[in-house]
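Notes to accompany the following structure.
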């Protein structure tokens, strides 16, 4: 080993100390960058962060449109559905980047169907009548299970049914006893029990008035909430998971003024990852059409036809679908870099 004098050794120590300092600064920058990326949603003081979050919301909305269209029109196989979503997401990415390029902002959105967690399987259930058919099963039953083994993810705030919309052309029931009912219950519960259930009743008490009553039985604690809306057209649109009736907010389908969660399936089942089933009761009292997307449903029953082709008009049917997808979003400016995954599940209420 070379014999180093005191000055040489001092210089080496200084160089080593400087290298360590640079390393620590770099590590601090990396950590701070990661923390900033994770917490951008709660910070608005950084230049451009509001724009990044606004663009994020726009991307999520457009990706939701892509998902819904693929589920409805490109349902034959997963690969066909993936191709349709990828094309639409890439188109969104190109348009947003072109719009932002003049401001020095780079925006990129990508959907990678082969990545773990990029999509979650589900089923789309629909009845597409345009002639006012009722909501009975394929065999004409008025009381039946529409979907079973609907599986919650177990993640707080996530449901397992989304985009459940009814377009009612006629409502025959005139009171609670004769109303059309949607019931959600734990898969393990007998049909006669009401504990851990969510029940929605819809009827027409008079004239053009539509009344909605929801009863939630959460472990024996019962909450009842109602709303009434006067329909403005020949039909009324009831967004069951979106919480509106004729485009007006309905407390019976959302968060009440007292903070009670009445969203679809709230309180049923009693566990965050328990399976539940969806039942229709007195389905002859409701006419029009409906559709919904459910997560992980096996639909092992003959009440709903398999496939959309060759079915009897007015009969309910199901097709394979994605309940949710994940897209990667990045937003870059000279002063800001924001990269995150966006979970896309349009029309999903709180759990």
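Residue numbers (the numbering used here): 76 to 426.
Backbone N, C-alpha and C fix where the C-beta goes; we use that ideal spot for every residue, glycine too.
On a CA-only basis, which of the options is nearest residue i? Give me that one, please.
i: residue 356; options: 326, 314, 275, 287; result: 275
i: residue 51; options: 422, 194, 414; result: With the chain covering 76 to 426 only, the question about residue 51 has no answer from this structure.
i: residue 398; options: 221, 170, 239; result: 239
i: residue 186; options: 295, 230, 194; result: 194
i: residue 316; options: 334, 299, 289, 333; result: 289
i: residue 394; options: 127, 143, 264, 129; result: 143
i: residue 380; options: 324, 333, 296, 201; result: 201
i: residue 383; options: 326, 257, 213, 269; result: 213
i: residue 269; options: 216, 342, 302; result: 342
i: residue 418; options: 157, 300, 161, 233; result: 233
i: residue 215; options: 378, 385, 323; result: 378
i: residue 229; options: 300, 189, 344, 334; result: 344
i: residue 134; options: 256, 172, 153, 152; result: 172
i: residue 223; options: 311, 373, 255; result: 373
i: residue 161; options: 188, 151, 170, 323; result: 188
i: residue 309; options: 302, 205, 125; result: 205
i: residue 139; options: 237, 177, 255, 386; result: 237
i: residue 323; options: 333, 338, 303, 190; result: 303
So, under 8 Å CB-CB, residue i and residue j are touching, yes? Tell me the CB distance rounded to an integer number of Å.
i: residue 285; j: residue 307; result: Not quite, the Cβ-Cβ distance comes to about 11 Å (not below 8 Å), so this is no contact.
i: residue 235; j: residue 225; result: 5 Å
i: residue 207; j: residue 244; result: 5 Å
i: residue 396; j: residue 199; result: 4 Å
i: residue 273; j: residue 231; result: 18 Å between Cβ atoms; not a contact.
i: residue 364; j: residue 242; result: 5 Å
One question on the structure: do residue i and residue j come within less than 8 Å of each other, judged by their Cβ atoms?
i: residue 155; j: residue 146; result: no
i: residue 137; j: residue 167; result: yes
i: residue 219; j: residue 131; result: no
i: residue 328; j: residue 287; result: yes
i: residue 350; j: residue 262; result: yes
i: residue 313; j: residue 320; result: yes
i: residue 352; j: residue 260; result: yes
i: residue 197; j: residue 371; result: yes
i: residue 164; j: residue 127; result: no
Excluding sequence positions up to five away, which residues of its chain have a Cβ less than 8 Å from the Cβ of residue i?
i: residue 253; result: 247, 278, 357, 360
i: residue 282; result: 305
i: residue 112; result: Any reading at residue 112 must be qualified, since the residue scores a pLDDT of 44, below 50, and its modelled position is unreliable; no value is offered.
i: residue 179; result: 408, 409
Going along the chain, which residues of its own chain have a beta-carbon closer than 7 Å to the beta-carbon of residue i, five neighbours each way excluded?
i: residue 209; result: 358, 359, 361, 362
i: residue 336; result: 330, 425
i: residue 249; result: 278, 279, 280
i: residue 376; result: 220, 223
Near residue i, which residues of its chain fall below 6 Å by C-beta distance, leaving aside the five closest residues on each side in sequence?
i: residue 183; result: 168, 405
i: residue 416; result: 401, 403
i: residue 117; result: Bear in mind that a pLDDT of 46 at residue 117, under 50, signals an unreliable position, so the model cannot answer this.
i: residue 159; result: 145, 149
i: residue 217; result: 211, 357, 358, 359
i: residue 298; result: 291, 335
i: residue 181; result: 407
Within 8 Å of any Cβ in chain D, is that where the Cβ of residue i sits?
i: residue 318; result: Chain labels in this structure do not include chain D; a single protein chain is all it has.
At least three beta-carbon pairs within less than 8 Å, the stretch 385-395 to the stretch 406-416:
Contact between the stretch 385-395 and the stretch 406-416 is absent, because fewer than three Cβ pairs lie under 8 Å.
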